[in-house]
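Undergrad: Can you keep this structure in mind? I'll have questions shortly.
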Amino acid sequence: MSYFVPTRFVWRFGGRQVHLCGSFTRWVETVPMAPVDGSPGLFAVVVHLPPGYHQYKFIVDGRWRHDETAPFMPDPLGNVNNWLFVRRIDPSPTPLANSAQGKQMPFEGREKHYMSRWGMTGVYVQTGWLGLPVRHLPFVQEYTRKKIADFLHSHTAYELIPESGKVVVLDVDLPVRQAFHALHEQGTASAPLWDTTTRSIPGVISASDFITILRRLRHSVSAGANPLSEAEMDAHTIRGLREEAAAEGREPKGLVYVLADEDLAKVVARLAQHKCSMAPVLSGDPGGPEQPPHVLHLATLSGVLACLMRHFRASLASLPLLSQPLGSLPLGTWSPDAAPLHTVTVSTPLTTALAMLLETGVSALPVVDERRCLVDCYARSQITDLCKGGAYNRLQWEDVTVGEGRGQGRLGGWGWDWGSGGRVWVVTKDDTLRTVVERLAVPGVRRLIVVTPESRRVEGIISLSDVAQYLFL
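Numbering follows our numbering, in which position 216 of the sequence shown is assigned residue number 199; successive positions increment by one, without gaps.
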C-alpha cells in the first residue's frame, strides 16, 4: 500500500503566478500554488509525498526560481534546486494535515477557489484533473479558455516567425503546371502570389485551386475535348486562370493576411473567419503608401498551437482542460453539430474523392477497408503528389484510384509513418486533449484520425480547425 505524507510548500517572495515542480512530478507536471489571503506575496500548497529525499523548484511568472532561505544544492547539470527529506509519520490524521487544509484560503473568484480546493487535498498531484465529475467540466472549460485567451491577446504574430526559414512565393505569371511542380518540390500545397506588374500580393494559390483545375480538365475531356499536352498546359498561367474565373463569376478569393504586430487572437479569428489553412504574415499593410510589404512567414493554426505549448510547457497544469479524455469533450466528431464522417477506399476513383473534398468542405478523407479499419488518409494538400510521373495528365482521361493517386503504403508505426513519405497520425478517444494538441502542433500535422486501439477501426477525425474552434473561439 502506498504511503504519502502531506507536505506544505511555501513561496514568500511575491509574483503573479507561482507553480511548484520537482522530482516528485518527474520535472514534467507542475502544481499551481495558491496565494494566502492576508499575506501579500505568499503562496502555498500542500502536496502528498512519499517518504524519502526530494528536489523541487518554483516557477514564478514563467521563470525558474529556488528559495535561498531553504536548503538547496546544484544538480549534475549545474541547476540549483531546493531539497527536503520527508519522514514517515503516523498515518492517522494529524493536526498538520488538517490545519493545512483549514488555513489555506481560496483564490479570489470562484475559479481560484476551485483550484485551491483541489490543490490542497493533494488530489491534483496524484491524478491531475483526470476523472473530474461531469458537472465540473463546464468550469474547467471556462477556466482553460480564459487562460488561453489571455495568452492569445498578449502575444503577437512575431512569435510565430522562426529564427531561420523560407517562404515560397510564386509569380502570378508562372504557368500553372510549373507552379504545381514547384509546390510539390518545396513540400507545400499553397503559397502567396506576387504580381510584378502591380508590385502587390493579389492572393494565395492553394490545393483547392489545383483540385478545381484538374476537375475542369477532366470535365472538358469528358465533354469531347482533347486532353491537353504539357506544352498546352504551360500556356495557362495563374493570372490567366484567375481572370477566367472572374469572368465566369467565380471571383478569386482576395488576400487574407496578418500583420506581424497583430496579436494571436486576431490571427486565429482571421484564419477561422476566412476558412484558410494559412495566411501570410506581412511586414506592413499591403494597401499602404510605402514600399510593398515583405512576406515574413506563413501563419497557421499549427504554429499558434506550437507557440501556446512552448509558453505553457512549464505550467501545463494551469490548463486543466488538456487533461480530459477526448471522448468526453464536444470536439470534432463528438461535437453536437459535427458533420457526418466521410470516408473512401483505395479503389474509390480519385475524381470522386476530389469532388467529395470540395463539396463537403472537409480537408481530408480517411481511407478505410471493408471493415472500416484505417488504411491511409487522403487530404487536399496531397494533390501535389500527382506530380509524380505526371499522374495529373492521366487524370484527364483515366480513372485513377485513390490508392494509385496516393501511392501504395501500409500502416507503419502507431500513429507515425506511412511508406511513401506521407504521415497519418492517430489517437484514441481515451487520449487526453493534451495529446491531441501536442500532435497537432507538429509541423505538417493538420488532423488526427480517431481509431479504436485494438482494430484501428475509424471512429472520427479531429482537425486543427476543430481544436481552434473549441479552445480559441
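Beta carbons: idealized from backbone N, C-alpha and C, even for Gly.
Going by DSSP in three states, residue 224 sits in which element: helix, strand or coil?
TA: Residue state, collapsed to three classes: helix.
Undergrad: Residues bridged to residue 18 by DSSP?
TA: Residue 18 is bridged to 26.
Undergrad: Could you pull out every residue in the same chain whose Cβ sits closer than 8 Å to the Cβ of residue 456, ignoring the five residues on either side in sequence?
TA: Here the set comprises 251, 252 and 255.
Undergrad: Let's see if you can read the secondary structure: which residues bound the alpha helix (DSSP H) around residue 255?
TA: From DSSP, the alpha helix (DSSP H) with residue 255 extends over 247 to 256.
Undergrad: Compute the beta-carbon to beta-carbon distance between residue 355 and residue 440, rounded to the nearest angstrom, for a pair I have assumed lies under 8 Å.
TA: Indeed they touch by this definition, with Cβ atoms about 5 Å apart.
Undergrad: Within 10 angstroms of its Cβ, does residue 309 collect 16 or more other Cβ (buried), or is it exposed?
TA: Residue 309 is buried by the Cβ-count criterion.
Undergrad: Taking the C-alpha atoms as reference points, what is the distance between residue 452 and residue 418?
TA: Going from the Cα of residue 452 to the Cα of residue 418 covers about 17 Å.
Undergrad: Pairs of beta-carbons, one from the segment 209 to 229 and one from the segment 150 to 158, closer than 8 Å: are there three or more?
TA: Flag = yes, the segment 209 to 229 and the segment 150 to 158 touch.
Undergrad: Determine the closest residue to residue 238 out of 420, 232 and 270, with distance taken between C-alpha atoms.
TA: Considering only alpha carbons, the answer is 270.
Undergrad: Whole angstroms are fine: how far does the CA of residue 296 sit from the CA of residue 30?
TA: About 21 Å.
Undergrad: Cα separation between residue 146 and residue 137?
TA: Each residue's alpha carbon lies about 20 Å from the other.
Undergrad: Quick check on the DSSP output: what are the complete alpha helix (DSSP H) runs of length 4 or more inside the segment 110 to 168, in order along the chain?
TA: As far as the segment 110 to 168 is concerned, its whole alpha helix (DSSP H) runs of at least 4 residues are 120 to 136.
Undergrad: State the Cα-Cα distance for the pair residue 408 and residue 47, rounded to the nearest angstrom.
TA: Answer to the nearest angstrom: the Cα atoms are 34 Å apart.
Undergrad: DSSP three-state call for residue 192: helix, strand or coil?
TA: Residue state, collapsed to three classes: helix.
Undergrad: Helix, strand or coil: which one does DSSP assign to residue 294?
TA: In the structure shown, residue 294 sits in a helix (DSSP, three-state: H, G or I).
Undergrad: Since I believe residue 423 is in contact with residue 264 (beta carbons under 8 Å), could you give me their beta-carbon distance rounded to a whole number of angstroms?
TA: In fact, because the Cβ distance is near 20 Å, the residues do not count as touching under 8 Å.
Undergrad: Taking the alpha-carbon positions, what's the residue 139 to residue 346 distance?
TA: Whole-angstrom Cα-Cα distance: 27 Å.
Undergrad: Which stretch, first to last residue, makes up the beta strand (DSSP E) that contains residue 359?
TA: Element bounds for residue 359: 357 to 362.
Undergrad: Buried or exposed: which applies to residue 180, given that a residue is buried once 16 or more other Cβ atoms fall within 10 Å of its Cβ?
TA: With fewer than 16 other Cβ atoms within 10 Å, it is exposed.
Undergrad: Tell me which residues share the same chain as residue 66 and place their Cβ nearer than 8 Å to its Cβ, disregarding the 5 neighbours each side in the sequence.
TA: Same-chain partners within the cutoff: 36, 37, 38, 39, 54, 55 and 56.
Undergrad: Cβ atoms of residue -2 and residue 43: under 8 Å apart, would you say?
TA: Cβ atoms of residue 43 and residue -2: closer than 8 Å.
Undergrad: Nearest by alpha-carbon distance to residue 314: which of 289, 151, 412 and 327 is it?
TA: The option with the nearest alpha carbon to residue 314 is 412.
Undergrad: In terms of DSSP beta bridges, what is residue 38 paired with?
TA: Bridge partners of residue 38: 66.
Undergrad: How would you call residue 286, buried or exposed, if buried means at least 16 neighbouring beta carbons within 10 angstroms?
TA: Residue 286 should be labelled buried.
Undergrad: Along the beta strand (DSSP E) that carries residue 180, what are the first and last residues, could you check?
TA: That residue, residue 180, is in no beta strand (DSSP E); it is neither H nor E in DSSP.
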